[in-house]
Structure formats: C-alpha cells, structure tokens
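Counted the way this note's numbering counts, the sequence shown spans residues 14 to 146.
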Amino acid sequence: MVKTTTIKQTIEIQRCTPEQVYSVLMNTAKHEKMTGSKAKIDPKVGGKFTAWDGYISGENVELVPGRKIIQKWRTLEWPADAEDSVFQLELFKTKTGTKIVMTHSKVPADQADNYAQGWTDYYWNPMRAYFKN
Numbered sequence: 014m015v016k017t018t019t020i021k022q023t024i025e026i027q028r029c030t031p032e033q034v035y036s037v038l039m040n041t042a043k044h045e046k047m048t049g050s051k052a053k054i055d056p057k058v059g060g061k062f063t064a065w066d067g068y069i070s071g072e073n074v075e076l077v078p079g080r081k082i083i084q085k086w087r088t089l090e091w092p093a094d095a096e097d098s099v100f101q102l103e104l105f106k107t108k109t110g111t112k113i114v115m116t117h118s119k120v121p122a123d124q125a126d127n128y129a130q131g132w133t134d135y136y137w138n139p140m141r142a143y144f145k146n
C-alpha cells in the first residue's frame, strides 16, 4: 500500500472573479492558453480530463461553477498500485480578486513536495500572469 499525504494551499489571484478562475480551469482552450500546454476537459460531473500534454489525468466528481471543483486526479508518475488522489478547489470572492483554497489529498507521500511546488510553478504563477494581462 502506498503511503499518502495531503497538500493544502491558500492562494490569492488578483484581478479576477471566482467564475473566471473556474472557467480557466474547466475550459480546454482557456486552460491551454494559461498553461501553454495541451489539455482536454469535459466540464461535467463524470467527465474526464487531461492536462499538461497528458501528464495529469482524472475525472470530475463535483462541480459548482464559480465555487468548487472536486476531481479524481493522478499523473504519469503515480505508482501503479496507488489510488487516485482527490483534488478539491474552493473559490471565494475578495475585494481585489479570488481566494483559492486547494486541498489535494491521497497524494503519494514521496512525491508530495514535488506536487506542492508544481501547483505554484505550473498553475498559480501562470494563473497570476494570465489574469494580469
């Protein structure tokens, strides 16, 4: 059995609404523009998705537009015997933008530091740049 852990991050993105953040994560074209990589997103509950040229894949479990995303989530580096992780994003309007509360549970413990940094490098920083323009 694979030992797992949970990654929790709270991020503030300026100059955008929760609806805009939700849209950039759940719309294939916007996701590709933000990340600069291929994605395919079926934006409905039970819909499958891939991101970062197929490196990330999963399934949408719960979607509340502009408020919440819950997904089964894994990468190509996942141990074969590890179950999918659970990615949960909650979005809150602030005076200057959107607060994102991210909880990523059931992440293989030996990979958690890489994924924690990866969220910053490959999602939060590109998202800040996307909404800055």
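Every residue, glycine too, gets a C-beta built ideally from N, C-alpha and C.
Where the beta strand (DSSP E) containing residue i begins and where it ends
i	result
Asn73	Ile69 to Val77
Thr88	Lys81 to Thr88
Ala142	Careful: Ala142 lies outside any beta strand (DSSP E), inside the alpha helix (DSSP H) at Asn138 to Lys145.
Ala64	Lys61 to Ala64
Distance CB(residue i)-CB(residue j) smaller than 9 Å
i	j	result
Trp132	Gln33	no
Trp86	Ile69	yes
Met14	Asp94	yes
Pro31	Thr111	yes
Gln84	Phe105	no
Thr48	His117	no
Distance between residue j and residue i (C-alpha atoms, nearest Å)
i	j	result
Gln101	Ala142	22 Å
Thr115	Glu103	The question names Thr, but residue 115 is Met in the sequence shown. If you take the alpha carbons of Met115 and Glu103, they lie about 7 Å apart.
Thr41	Ala52	6 Å
Tyr135	Trp91	18 Å
Pro139	Lys16	30 Å
Pro78	Tyr35	6 Å
Val148	Asn146	Because the chain in this structure spans residues 14 to 146, residue 148 falls outside the shown range and cannot be described.
Asp55	Gly71	10 Å
Lys43	Leu76	17 Å
Thr88	Lys81	21 Å
Glu96	Val120	9 Å
Thr107	Phe144	15 Å
Unbroken alpha helix (DSSP H) run spanning residue i, endpoints
i	result
Gly131	Ala125 to Trp132
Thr41	Thr41 to Thr48
Residues that DSSP places opposite residue i in a beta bridge
i	result
Met115	Gln22 and Leu102
Gly110	Gln27
Pro92	Partner(s): none; Pro92 has no beta bridge.
Residue-level contact to chain B via CB, residue i, 9 Å cutoff
i	result
Arg28	No chain B appears in this structure, which consists of one protein chain only.
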